[in-house]
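See below:
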C-alpha cells in the first residue's frame, strides 16, 4: 500500500517538474533571473539536513530490527530534530522571499517555487508527526496496530520527502 | 550493527559528496553543466531509493515501475533543457 502512495506522490511531483521544465525552456531569461533570487546556500543546507535525517531513520530501523528499541527511538528523535531544522531554514527562506515581494503572481517561476516548496514542506511537517508517532511506539515497546502503518512504512514516507527534495533541489535551485 | 552503521554511513557520505559536487558544478553556466547536475541528482535519487528506502526489498513490479518512471522523468527534464 505504501508503495502505491509513494508512486502517486512522485507522479504528482514529477508531472509538476516536467511542466516547470517546459515553461522554463519557453521563458528561459525570466526563469534564470528569478532563480538567481533564490538562496542556493540555504537549499544546500536543507539538502544536507534531509539526507542526514534519512540516515538516522535508516539507523533507527537497524536498531529496531536488532531489538534495541530505546536506541532506535533516539535515532528517530534525531531525525525529527533535523526535520525541525529543515522547517526553520525554510521559514527563514520564505521570510526573505516575502520581504522582497517574491510571492505568487510575480511570474511563473515563483508560482512554481511556492507551489512545489510549500507542498513539499507540508509533507515534511506530516513526516515529523509520523516520526513522532513511530518514536513513541518504539520507545514504549508497543506493537504497531496495522501492518500497513509500522516503522518501515513510516520510514518510507520520510525517505519519500528526501526523494522529492533531491529532485526539487537541482531543478528549482541549480540548473 | 557496527558494520550496518558503517555501510549505511558510506551511502550517507556518498550522498553528501554528490550534493557538494552538484552544488559546486552549478556555479558554472551551460547546458552540459545542467546535464551533469541532473545526473548527480539521479544518482542521489537511486541511492536513497534503493538503499535508504529499502526498495531493493519491494516487489519487482514496483522496482521496475519506479525505475522506469524516474528515468522517463529525468529524460523529459533533460530534453527540455
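Residue numbers (this note's numbering), protein chains in the order written: chain H, 1 to 175; chain L, 1001 to 1081. Idealized CB from N, CA, C, for every residue including glycine.
#1: Candidates 61(H), 33(H), 14(H): which alpha carbon is nearest residue 119(H)'s?
#2: Can you pull the chain H residues whose beta carbon is under 8 Å from the beta carbon of residue 1076(L), in chain order?
#3: Could you name the residues of the same chain whose beta carbon sits closer than 6 Å to that of residue 135(H), not counting the 5 residues immediately before and after it, in chain order?
#4: Which two residues bound the contiguous alpha helix (DSSP H) that contains residue 1017(L)?
#5: Between which two residues does the alpha helix (DSSP H) harbouring residue 61(H) extend?
#6: Could you give the first and the last residue of the continuous alpha helix (DSSP H) run that contains residue 1045(L)?
#7: Between the segment 1060-1074 of chain L and the segment 1019-1027 of chain L, are three or more C-beta pairs nearer than 8 Å?
#8: With residue 32(H) as the anchor, note down where its alpha helix (DSSP H) starts and where it stops.
#9: Hey, residue 124(H) and residue 154(H): beta-carbon distance below 8 Å or not?
#10: Cβ atoms of residue 1080(L) and residue 25(H): under 8 Å apart, would you say?
#11: By the criterion of Cβ-Cβ separation under 8 Å, what are the contact partners of residue 162(H) in chain L?
#12: Please compile the residues from chain H whose C-beta is within a distance smaller than 9 Å of the C-beta of residue 1019(L).
#13: Could you tell me the alpha carbon to alpha carbon distance between residue 1038(L) and residue 98(H), rounded to whole angstroms?
#14: Is there a C-beta anywhere in chain L that falls below 8 Å from the one on residue 178(H)?
#15: Mind listing, in chain order, the continuous alpha helix (DSSP H) runs of no fewer than 4 residues lying wholly within the segment 105-175 of chain H?
#16: Residues in the same chain with beta-carbon distance under 8 Å from residue 87(H), minus the five sequence neighbours each way, listed in chain order, please.
#17: Using a Cβ distance threshold of 8 Å, determine whether the segment 34-44 of chain H contacts the segment 60-71 of chain H, with at least three qualifying pairs required.
#18: Assuming residue 156(H) and residue 2(H) form a contact by the criterion Cβ under 8 Å, report the distance between their Cβ atoms to the nearest whole angstrom.
#19: Could you pull out every residue in the same chain whose Cβ sits closer than 7 Å to the Cβ of residue 1050(L), ignoring the five residues on either side in sequence?
#20: Since residue 66(H) meets chain L, which of its residues come closer than 7 Å, beta carbon to beta carbon?
#21: I'd like to know if residue 1041(L) contacts chain H, where contact means its C-beta is closer than 8 Å to some C-beta of that chain.
#22: Note down, in chain order, each residue of its chain lying with its Cβ closer than 7 Å to the Cβ of residue 116(H), except the 5 sequence neighbours on either side.
The answer reads as follows:
#1: Here residue 119(H) refers to the residue found at position 119 when the first chain is read from its first residue. Minimum Cα distance to residue 119(H) is reached at 14(H).
#2: The residue labelled residue 1076(L) in the question sits at position 76 within the second chain. At a beta-carbon threshold of 8 Å, the residues of chain H lying near residue 1076(L) are 18, 21, ordered along the chain.
#3: Position 135 of the first chain holds residue 135(H). Around residue 135(H): 73, 76, 77.
#4: Position 17 of the second chain, counted from the start, is the residue given in the question as residue 1017(L). Element bounds for residue 1017(L): 1002-1025.
#5: Taking the first residue of the first chain as position 1, residue 61(H) is located at position 61. Segment 40-65, the alpha helix (DSSP H) holding residue 61(H).
#6: The residue given as residue 1045(L) occupies position 45 in the second chain. It spans 1031-1047 - the alpha helix (DSSP H) in which residue 1045(L) sits, taken as one unbroken run.
#7: no
#8: Within the first chain, residue 32(H) is the residue found at index 32, counting from 1. Counting along the chain, the alpha helix (DSSP H) containing residue 32(H) begins and ends at 28-35.
#9: Working through the first chain from its first residue, we reach residue 124(H) at position 124. Working through the first chain from its first residue, we reach residue 154(H) at position 154. No, these two residues do not count as a Cβ contact at 8 Å.
#10: Stepping through the first chain from its first residue, residue 25(H) is reached at position 25. Stepping through the second chain from its first residue, residue 1080(L) is reached at position 80. The Cβ atoms of residue 25(H) and residue 1080(L) lie closer than 8 Å to each other.
#11: Sequence index remark: in the first chain, residue 162(H) carries index 162 (1-based). Within 8 Å Cβ-Cβ: 1048, 1052.
#12: As a first step, residue 1019(L) must be located in the second chain, where it is residue number 19. Neighbours of residue 1019(L) in chain H, taken as residues at a C-beta separation under 9 Å, are given in chain order as 44, 47, 48, 51, 166, 169.
#13: Along the second chain, read from residue 1 onward, the residue named residue 1038(L) stands at position 38. Along the first chain, read from residue 1 onward, the residue named residue 98(H) stands at position 98. Going from the Cα of residue 1038(L) to the Cα of residue 98(H) covers about 29 Å.
#14: Only positions 1 to 175 of chain H appear in the structure, and residue 178(H) is not among them; the question remains open.
#15: 108-140, 151-168
#16: Here the question's residue 87(H) lines up with position 87 in the first chain. Only 121, 124, 125, 128 meet the Cβ criterion.
#17: No: fewer than three Cβ pairs fall under 8 Å.
#18: Position 156 of the first chain, counted from the start, is the residue given in the question as residue 156(H). Position 2 of the first chain, counted from the start, is the residue given in the question as residue 2(H). About 5 Å separates the two Cβ atoms, so the contact holds.
#19: As a working mapping, residue 1050(L) is identified with position 50 in the second chain. Closer than 7 Å at the Cβ level, and outside the excluded window around residue 1050(L), lie 1056.
#20: Position 66 of the first chain holds residue 66(H). Residue 66(H) reaches chain L at 1001, counting residues in chain order whose Cβ is nearer than 7 Å.
#21: In the second chain, the residue the question calls residue 1041(L) occupies position 41. At least one chain H Cβ lies under 8 Å of residue 1041(L).
#22: Walking along the first chain from the start, residue 116(H) turns up at place 116. Counting only Cβ-Cβ distances below 7 Å, and skipping sequence neighbours, we find 16, 168, 172.
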